[in-house]
Amino acid sequence: MHHQRKQMKLDDEQIWAENVMVLLTALDLRLTDIGEDGLPITGHDRRGFCSMRQADTILGTDVPRSVLDHIITHDKSARQALLNLDIEQPDHKHLSDILDPDNS
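Count along the sequence shown starting at 1, add 485, and that's the number in our numbering.
Laid out in structure tokens, this is it:
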């Protein structure tokens, strides 16, 4: 039963979209704080929906590993969003390695 509930949660597009937007917003704020161009996340609705053009731009954006590490360390809402996406807390510190295994 637990596995079935977990799978239903993972399949819920609303949960996924809302929590990804929390993460993108945290990344955007950190990028602008350090003087980098932010992410094109304006114009999305509260549920996390954005245009295909925005999505393509976001997916093509290089985010420094240090930015991801910073929000995971310092942003409570980002950490909660990861937990909501069933990314366990012990894995948080390894996300930049997982997402950028060749350190590019």
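We treat Cβ as the ideally placed atom computed from N, Cα and C, and that holds for glycine. Please read all numbers here as calculations on a predicted model, not as lab measurements.
8 Å contact criterion, which residue i and residue j should meet: CB distance rounded
i	j	result
A511	D560	5 Å
Euclidean distance between Cα positions of residue i and residue j
i	j	result
V505	H488	22 Å
N569	Q499	12 Å
G520	S562	22 Å
E573	L567	7 Å
L580	A502	19 Å
Distance CB(residue i)-CB(residue j) smaller than 8 Å
i	j	result
H555	R515	yes
I557	R564	yes
I526	L509	yes
Close-in-space but distant-in-sequence residues of the same chain around residue i (CB under 8 Å, 5 per side omitted)
i	result
D571	K491, K494, L495
L553	L512, L580, S581, L584
D541	none
N588	R550
Nonlocal neighbours in the same chain, by C-beta distance under 6 Å from residue i, ignoring five residues either side
i	result
G523	D513, L516, T517
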